[in-house]
Every structure is written in structure tokens, then in C-alpha cells.
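> Here it is, the structure, as C-alpha cells.
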Amino acid sequence: MGNRAQEIREQLLAQGRQVKEKRPGLSLLDILEGFAQGTGSLVRLETIPAREARMAEPGRPLPEPLRRQLAGSGIETLYLHQARSLDILRNRRNVVVVTGTASGKTLCYNLPVLESLLEDPRRRALYLFPTKALAQDQLKVLRQLGVGALKQVKGEEEPLFRAATYDGDTPGNLRSKIRDEARIVLTNPDMLHAGILPNHARWADFFSRLDTIVLDEIHVYRGVFGSNVGNVFRRLLRILDHYRARPRIVVASATIANPKALAEELTGCPFELVDEDGSPRGKRHFAIWNPPQVMPGGMERRSSNMEARDLMVRLIEEGYQVITFVRARQLTEVLLRYCQEDLSQKGGGLAEKVRAYRGGYLPKERREIEAALFSGELMGVISTNALELGIDVGSLDASILVGYPGTIASAWQQAGRAGRREAESVSVLIGHNLPIDQYLMRHPDYFFAQSPEYAVVDSTNPHILLGHLKCAAYELPLEAKDNRLFGEYAPALRKLLEEYHQVRTIKKRSYFSSTDYPAGAISLRTTSIQSYTIVEGTAGGNRVIGTMDEASAFPQLHPQAVYLHDAETFLVDELNLEERVAYVHRADTDYYTQAVSDTQIMINEIEREKTWNKTPVSFGNVSVTDTVVMFKKIKFGTRESIGYGDVDLPAQVLHTSSCWFTPSIEAIHEVLKWGRAPSEGMLGLSNVLSEVVGLFVMCDRQDVGTTVDAKTTGAQAIFIYDKYPGGLGFASKAYKLLPEILEACRLLVSECECEGGCPSCVGSPIPPFAQQDPDTQGKGKIPDKEAALILIHALLGLKAYKPKGGTIHPVPVESLPIERLPIESQPGERLPGVEKENLERNLRKGDLPDSEAPQEPMKRLPREVERRLRELLEAASNSHPRQKGVEPDPLS
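Take the sequence shown: its letter number 349 is residue 349 in full-length UniProt numbering, and every next letter is one higher.
What follows is the structure, encoded as C-alpha cells:
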């Protein structure tokens, strides 16, 4: 295969360009060990040995033109997984391929597609990638293969077919040409959803000849994005059935726990699994790195951002190419500023060779950064998970992960961006001073032994499904057979659409009857289609410098907020909620801002309830009200708070699913008898839960929220809720796995070395937002660690925990909470009497017949879900502007 980095280096030198050489003898490990000397920061260094390639021959040889083309690229034989995938697809069976980064997964689908086109040039293939950048990257790969297989024409070789990307950046005058002439179309789910499926008649010839569908990087299709993509794929299957097409499907994924199940959930089709990786791999070193304590035995640790800055700057100075991953957009800019300031002081022009990469940058900026990184012109890039995917950025030497990414799968995927193919590499996971990070710092064996998590997708979520049923009706009339594709709630949702005049049913077929363009109202990647444009006011006029989704705009673009872009600071003058525009001006500030919000929760409907260890545990529908109430100013470098300001923005209400539990009267009594405050113990446990849930469900920290509330329970309860309308299964999973989750909380808190509580165990009074810097979390009173441990032991039914230096206090009866009395139903399950009849009807097994349409079984929607959907349909029926299908800018 060759070392791409060395090739680029030689090319640049040949062009007379300056390339800093690595110092002989000073290896990546030398630098790491030098940094760690005397600090104790290097907690664990795991070396993963190099692996030789395992080759295999397919059942029958590849066509000669394709063999010649591969040989021209230096490929003489196939890896084991490539040959096996080819044989499965030749037999018209679907396959999901799960191998490591840079293992040659692209040939697993390119070879069968090219072979098929050689057999019949009229066939078509559809490639789906989660981002535009990946599609462009894979088009380059196809061109390296001669833009497909070749044939002899009058003694000269010419392309047999054309391949092209079709997305929001494709010029209008090329779109019809691509539809008519391209044999391979590379696009993304957003364009398929908003641009292709609604106009399928124009694609009739393409769809009728479609032979292969490729769905790459499926591990990113989880949560709200995956649930939307699952519905888009089902709509695609309806269209293909209409045109009598039966394509084979090939799916590629990074390592996750349930790749086959995820592929089948996303597509509704059966798959065979190929997970034996035959590719070679260079030696890899993985370091677990914990910033040193500022004071021995103290709670505060050195900033993980500063640790990352020092390490990244040193590696770049030594001539190594580095990628650093951070957890938030704001942090890319903060860390870029730190690195550029440090490199500028050292001279040599290296400060210009480091850039940030994140969502919100304009597409042209991102393409420039990708090209500069691949060419070797950039020595370092600081990125969100946007570069976690398989964009070919060349052979990087090192990857730095600032904070645990939230899942084992993401951690290994980010680490794998360095040392592609056979080159030696190093990856460093730098822990934040947060509970889950510090748990991994204390238990590195857990990280290296733990299997990747399950990806959670819920394509039948009524909040998501309703919009896609409208899109499906727009594309083709809905029929009873479509229920097999869209699930048990489809008939009830179809009935709702008919009631609000979105569809009209004639002879059992539902036709779209609105003037809307339904695909234009659905964003696949966020809970809202709305986004805010960021406009800089200059002497020469206004200039667009970025975009941001609505949920992030409120805490980051409020008036007086500091917006960071390419290491420059801008001050927000106005957030126009009607125009959805944030007006900013350039301002040289020495601080940045973070928002503080207040969260309140209301129970709307209980679906399930049980008693576990005397603790009532419930699951149901809730409304979460989030209000940004103030912001604080954080000084660059020192991270000290230098002031606060008020924010006047409307509250954001989220209707979602939640799991909650109310500690028993005995558990509260146990905390009180030691003179501790139960509220502090519950706050600490709530903070820990927000970190630990991600270990059991494949979700990011921002996917799940936790809070303590008593407004609708009569006593303080801890809530774990999904941060998506309707919920996506995370809280439901927590309801089932609560004992295991609480046991992990116990281990995390009890093994922390602090005395009374710290950000590494029970968190802070104001937990950091996902888009903010964990180094600057709330500095007020830390929740009581000992109260949290008393509570956790009582919840788990363990031997009572005796707090350090604790003295038993008498507990007045009047201090005990009033516990509501349940009405018992089945053993282990409890249903409140006021809702017992309704809930039993909703939870009854099997479908409930619809009296108006007895021929079509219909499962009723949960009451609160139906109420919310009716509100949305009512609002839509009062305004009928025809919306254009504008494709969102897919990035991460």
C-alpha cells in the first residue's frame, strides 16, 4: 500500500517546499515519556502489536479489466474480508462489513459494483454517505480506479461509466445529466430525503436499473439521525418496489456491538456479517493520560486543554502531524487560540499550520482544511467528531482525544485516524476532571477490555414517523402493506393525517392532499429544521461567517455572548428570533462566555412503573422546560470567572420520554440519620448518572439529560430523560438497566480519592453543557459525596454505608417525605389508580381494532404523544406556505 505521508513529504520536497523533518531518534514515545516524567500523568500505556495482512482469493477471479486496474494501484490480491464480501454480494445477498479504520472497506463495495457494471453497463449503483465530504472523498477513490472498470476501444482505454456526487453543492445544470448518465451516484441521506425521493419520477430510469445500494459509516446512524435515516431508507424501499427493483445492499461500519442488528433496523432487510479484518496494521500505542493535580490531594487538576496544547505543540515542533479531538465546537476555537499563541512565540511559521475544523464553518472552508491536511501543508488540526469519519486525511502520526468521547466505539474510531495502514502511531486519551473520565483514569483496564456499545435506533418513534409518512404519501399513495415497513403506529398516524386533511383516503389508498412540500420541514440530524445564520457586520456590508442549530443558538448566540470562529472572537449584538439571524461584530476580547440554564420537568403520562428494592421506578412521557437565565465570562488561559450577565430568551420546551425514581422513605431516613441532606445526595447522584448512562447505551452526553424535581411526584425524584422529542430509547434502556447503572455509579463515587466530593465523582452544582468547556464547570459548593454514597447503598439494597466521621442523629418524623400510596397490579408493577384503566388499555398486548376500519389493525398512540402530534398538525394546518426542499449541510 505504501506510506501516504512519506509520499506526500517527498512530493513537497520535490516541489521545493519546506517540510520540517522529524528529529532522528526522538520518537513519539520519547516525547510522551518526557512529558510524563515526574508528573504521574501517564496512567497506562498499551501497545497494540503490528498485524500482518491475511489475503484470500474470491470464489472466481475478478474480470481482467478490473484486475489490471487494481494492479495499477498496487493491489495484486485481496484481503480476507474483501474477498468474502465479494462472494456474498455475487450471490445477491446483503452484507454488513465491520473492520478497522483504513482496512480497505471501500473495495468491499467498489469491486462488486464495478464487476456488475462490466457485466451490464446499464446497471446503476447508489452510494450513501453521512457527509458530503465523505462522498467527495470516495469519488476520488473511484477515479483512482479509473472511474470504474475500463474497456478497450480502438486500442485505447476509456471509462465505461461515469460516477458523480449529487448533493446540495451540485450545480443545477449538471443534475439532469447525472440522473441520465451516471452509473454510480454518490449522495447523502439528506439529499435522498429532500431532493431525490420526492422527485422519484425524474429518477425512474435510475431506480428501475438500480443494482446495488451502499450505506457507509452506519455506526453514526444512531439516535435521532439514525431513526430518521431508517425511515428514509424505508421510503426508498417503497420507491424501488414501485419500479420493480431488487438491489443488493452492502453496509460498512466501524466496530460496534450490534452491527448486524443495526443494519437490519435501519433498512428492514436481512444481512450477513463479515467482521474478520484481513488488513495489516502498524504498531499502535494508546496512552491513558490524567492531568496532574494542582495541589497534592486536592480536587482540582491541571486543565486538560492545556495538557493537550502542550503535547500538540511539542509534537508539531518535532515534525509530527497531529489531529486533536475535542467534545464541543467552542473548544476547537479555544484550543486553536492556545496552540497558535504558543507556536507564534516559538516562531518558524508553525502557527499558520494549525487549524480548527467543526460544524458551522462554511463548506468551502472545510474543503480547504481537508485538502491542506491531506497534502501535508497542515501539521495539526483540532476537530469535533466531524473528522471521526473515514475522510482520507492522509497518514497522521498522532491523535489526541481531549476527554472521553462518550463511547468506546468513538474513542477507537478517533484514535484510528492516526497511523493508518502500516505506519506506527500513538493515541492519547486526556481525561477531563469529570466523573466518567476519572473513572476511566482509575480503571484503564475497563477501557481496554470493554466491548463497543450498542447503537440505539427507533425508526417507529411517532414524533419522527409522522413526518416521514407525510413524505411517503407525497411520493406514492400509502397502502395497508406499508405498515410492514413503518411499524405498528403507522395506521394511527395515517388516521391522524387524514383527520387534519394532510391525506385523503380513496379505496384504501391515502393520497397526499396538502400543498406543502413535507420533506422541506424535516431535518434528519436535529430535532428542528430551524438553524440560525451568523452574520458579521463590516464597513463593506454584512458577511455570513457560519451557521448554528436552534438548540445551540440560545446558549451560544444570545446578546453579549462571545462567538469564536477560526480562533477570532466576535461579540453578539443581536439574536433575531424571527429572522433566525445572529448579528455579530469582531471584538478582541480576552474572555469567552458560557451560558447557565434552569431545567424543570413535568410528568404527562406514566407508561410503566415497578417497585425495585422498595424504590418506585417509572417510565413515561414528560415535558422538560429549559431556560437560559444567565451567562458567565471565562478568561482565556487562567479559566477564571470574571463576571456574569443576564439573558432574556424564551424557554424551550421538550416533550420526551423519561425514566425516574423516588428514593424510598427508608433510604431518605438513612441519609437524614447521619445528619446529611438528601437533596445534596440526589444532586450528586443525578450528576453521576448523566455521565454513567453512556457506558450502557450508545449515546453522547448531550443525548441524555438528568435532573432532580418534585413538582409532579410529591417527593424529590431523579429523572433520566432523552433530549429528543418523543424519546429515542435511551431512557427506556435506563429503566431496564437501572441496577447495573447504579452499581457503576457506586464504584465511580466510592473509588474517588477526594474527601467530601469533587468534579471527578459527584460533579458540580452547575454541570457543564455539551457545547462548553468541562474545565470551567461550576465552582460553587460541590454536592455531598457521603450523602450520595448513603443513598446509592440504600437504593441498591446493600449494607448500610457509614460516612467518614459520621455521627448518628435522631430524625424528626416531620422531616420525612410523604410517600404516595400505589395501587398494586401485577407483581413488581404498579399503576397509579387515576390512570390505571387508560394505561392498561395502552399497554395491552396485541393490536386494538379500529371501529371505522376493522380490516386494518391499529395500535393506539400514547395519550400524551397523540396530544402533542395533534398540536403540531393543528399549527401546520393554520399556515400553508409551500416549503422548498433545502438540503441541510451534513457534517457530523
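Note that the Cβ used here is the ideal one computed from N, Cα and C, for glycine as well.
Quick one: grab the DSSP three-state call for GLU424.
Translated into the one-based positions of the sequence shown, residue 424 becomes position 424. It is coil, neither helix nor strand.
> Quick one: what's got a C-beta closer than 7 Å to GLU751's C-beta in the same chain, skipping five residues either side?
Along the sequence shown, one-based indexing puts residue 751 at 751. So the list reads ARG442, once near-sequence residues are dropped.
> Helix, strand or coil: how does DSSP classify residue 893 here?
Only positions 1 to 892 of the chain appear in the structure, and residue 893 is not among them; the question remains open.
> For CYS659, which residues does DSSP report across the bridge?
Position 659 of the sequence shown, counting from 1, holds the residue named residue 659. Note: CYS659 sits in a beta bridge opposite PHE619 and ILE720.
> Would you kindly work out how many angstroms separate the C-alpha atoms of GLN81 and GLY278, rounded to a whole number?
Walking along the sequence shown from the start, residue 81 turns up at place 81. Walking along the sequence shown from the start, residue 278 turns up at place 278. For the record, residue 81 in the displayed sequence is His; it is not Gln. Rounded to whole angstroms, HIS81 to GLY278 spans 6 Å at the Cα level.
> In terms of alpha-carbon separation, which member of LYS614, ASP590, LEU557 and PHE696 lies closest to MET630?
Here the question's residue 630 lines up with position 630 in the sequence shown. Among LYS614, ASP590, LEU557 and PHE696, the Cα nearest to that of MET630 is on LEU557.
> Taking C-alpha atoms, which residue in SER427, VAL693 and ALA551 lies nearest to ALA651?
Within the sequence shown, the letter at position 651 stands for residue 651. Nearest of SER427, VAL693 and ALA551 to ALA651, Cα basis: ALA551.
> For ALA125, report the span of its alpha helix (DSSP H) as first-last.
Looking up residue 125 in the sequence shown gives position 125. Looking at the DSSP string, ALA125 is not in any alpha helix (DSSP H); the run it does join, the beta strand (DSSP E), is 124–128.
> If we ignore side chains and look at the alpha-carbon of each, how far apart do LEU440 and VAL562 end up?
Locating residue 440 in the sequence shown gives position 440, where the first residue counts as 1. Locating residue 562 in the sequence shown gives position 562, where the first residue counts as 1. One C-alpha to the other measures close to 33 Å.
> Return the chain-ordered ranges of every alpha helix (DSSP H) run that is complete within the stretch 539–625 and spans a minimum of 4 residues.
With a minimum length of 4 residues, the continuous alpha helix (DSSP H) runs that stay inside the stretch 539–625 are 550–556.
> Which residue comes first and which comes last in the beta strand (DSSP E) that contains residue 901?
Residue 901 lies beyond the residue range present for the chain, which begins at 1 and ends at 892; the question has no answer from this structure.
> Enumerate in chain order the residues of its own chain whose CB-to-CB distance from LYS351 is below 7 Å, with the five nearest sequence positions on each side excluded.
In the sequence shown, counting from the first residue as 1, residue 351 sits at position 351. Inspection of the sequence shows that residue 351 is occupied by Ala rather than by Lys. Same-chain partners within the cutoff: GLN340, LEU343 and SER344.
> Who are the Cβ neighbours of ARG302 in its own chain at under 7 Å, not counting the five residues just before and after it?
Locating residue 302 in the sequence shown gives position 302, where the first residue counts as 1. Result list for ARG302: PRO291, PRO292 and VAL294, in chain order.
> Taking buried to mean at least 16 other C-beta atoms within 10 Å of its own C-beta, is GLU874 buried or exposed?
The residue you call residue 874 lines up with position 874 of the sequence shown. It is exposed - the Cβ of GLU874 has fewer than 16 other Cβ atoms within 10 Å.
> Could you give the DSSP three-state label for THR800: helix, strand or coil?
Position 800 of the sequence shown, counting from 1, holds the residue named residue 800. First, the residue type needs correcting, since residue 800 is Ala and not Thr in the sequence shown. Correct three-state label for ALA800: coil.
> Does DSSP put HIS219 in a helix, a strand or coil?
Position 219 of the sequence shown holds residue 219. Residue state, collapsed to three classes: helix.
> Please state the DSSP three-state secondary structure of ASP211.
Numbered from its first residue, the sequence shown carries residue 211 at position 211. Of the three classes helix, strand and coil, the one that applies to ASP211 here is strand, per DSSP.
> Strictly by DSSP, which residues pair up with THR324?
Taking the sequence shown and counting its residues from 1, the one referred to as residue 324 is at position 324. DSSP output for THR324 lists ILE382 and ILE400 as bridge partner(s).
> Mind checking GLY74: buried by the 16 CB within 10 Å criterion, or exposed?
Here residue 74 is taken as the residue at index 74 of the sequence shown, counted from 1. Exposed is the call here.
> For VAL708, report the span of its beta strand (DSSP E) as first-last.
For this step, residue 708 is matched to residue 708 along the sequence shown. Start and end: 704–709.
> I need the straight-line Cα distance from ARG867 to LEU28, nearest angstrom please.
Here residue 867 refers to the residue found at position 867 when the sequence shown is read from its first residue. Here residue 28 refers to the residue found at position 28 when the sequence shown is read from its first residue. Straight-line Cα distance between these residues: approximately 59 Å.
> Go through the stretch 172–213 residue by residue and report every complete run of the alpha helix (DSSP H) that reaches 4 residues or more, in order.
Counting whole runs of 4 or more residues, the stretch 172–213 contains the alpha helix (DSSP H) stretches 172–181 and 204–208.
> Since GLY726 and VAL596 are thought to touch, with beta carbons under 8 Å apart, how far apart are those beta carbons, to the nearest angstrom?
Numbered from its first residue, the sequence shown carries residue 726 at position 726. Numbered from its first residue, the sequence shown carries residue 596 at position 596. The pair is not a contact, with the Cβ atoms about 27 Å apart (cut-off 8 Å).
> Does GLY643 come out as helix, strand or coil in the three-state DSSP assignment?
The residue you call residue 643 lines up with position 643 of the sequence shown. In the structure shown, GLY643 sits in a strand (DSSP, three-state: E or B).
> Would you mind stating whether VAL185 and ARG124 have Cβ atoms separated by less than 9 Å?
Locating residue 185 in the sequence shown gives position 185, counting from the first residue. Locating residue 124 in the sequence shown gives position 124, counting from the first residue. Taking 9 Å as the Cβ cut-off, VAL185 and ARG124 qualify as a contacting pair.
> So, for SER514: in the same chain, excluding its five sequence neighbours on each side, which residues have a beta-carbon less than 6 Å away from its beta-carbon?
Translated into positions along the sequence shown, residue 514 becomes position 514. For SER514, where only same-chain residues beyond five positions count, the Cβ hits under 6 Å are GLN502.
> Under DSSP, the alpha helix (DSSP H) around VAL334 begins and ends at which residues?
As a position in the sequence shown, residue 334 is number 334, starting the count at 1. Residues 329–346.
> Among residues of its own chain, excluding the 5 on either side of LEU872, which ones have a beta-carbon nearer than 7 Å to its beta-carbon?
The residue labelled residue 872 in the question sits at position 872 within the sequence shown. There are no such residues.
> Enumerate in chain order the residues of its own chain whose CB-to-CB distance from LEU389 is below 7 Å, with the five nearest sequence positions on each side excluded.
Taking the sequence shown and counting its residues from 1, one reaches residue 389 at position 389. So the qualifying residues of the chain are PRO130, THR131, LEU134, GLU217 and VAL220.
> Run through the DSSP bridge pairs and tell me what GLU46 is partnered with.
The count along the sequence shown starts at 1 and reaches residue 46 at position 46. BP columns for GLU46 point to PHE286.
> Counting along the chain, where does the beta strand (DSSP E) carrying THR505 start and finish?
Position 505 of the sequence shown, counted from the start, is the residue given in the question as residue 505. That run of the beta strand (DSSP E) goes 503–506.
> I think ALA800 touches GLU680, with their Cβ atoms under 8 Å apart; what is that distance to the nearest whole Å?
Residue numbering aside, residue 800 sits at position 800 when the sequence shown is read from its first letter. Residue numbering aside, residue 680 sits at position 680 when the sequence shown is read from its first letter. About 18 Å separates the two Cβ atoms, so there is no contact after all.
> What residues in its chain sit with their C-beta under 7 Å from that of MET312, if we drop five residues either side in the sequence?
Here the question's residue 312 lines up with position 312 in the sequence shown. Taken in chain order, the residues that qualify are VAL322, THR324, CYS339, GLY380 and ILE400.
> Note down, in chain order, each residue of its chain lying with its Cβ closer than 7 Å to the Cβ of GLY483, except the 5 sequence neighbours on either side.
Mapped onto the sequence shown, residue 483 falls at position 483. Contrary to the premise, residue 483 reads as Asn rather than Gly in this sequence. ALA490 and PRO491.
> For my contact list, ARG235 and LEU262 are in at a C-beta cut-off of 8 Å; report their separation, rounded to the angstrom.
Here the question's residue 235 lines up with position 235 in the sequence shown. Here the question's residue 262 lines up with position 262 in the sequence shown. With a Cβ gap of about 19 Å, ARG235 and LEU262 do not count as contacting.
> Sort out for me which residues DSSP pairs PHE631 with in a bridge.
Your numbering for residue 631 matches position 631 in the sequence shown. Bridge partners of PHE631: ALA595 and GLY645.
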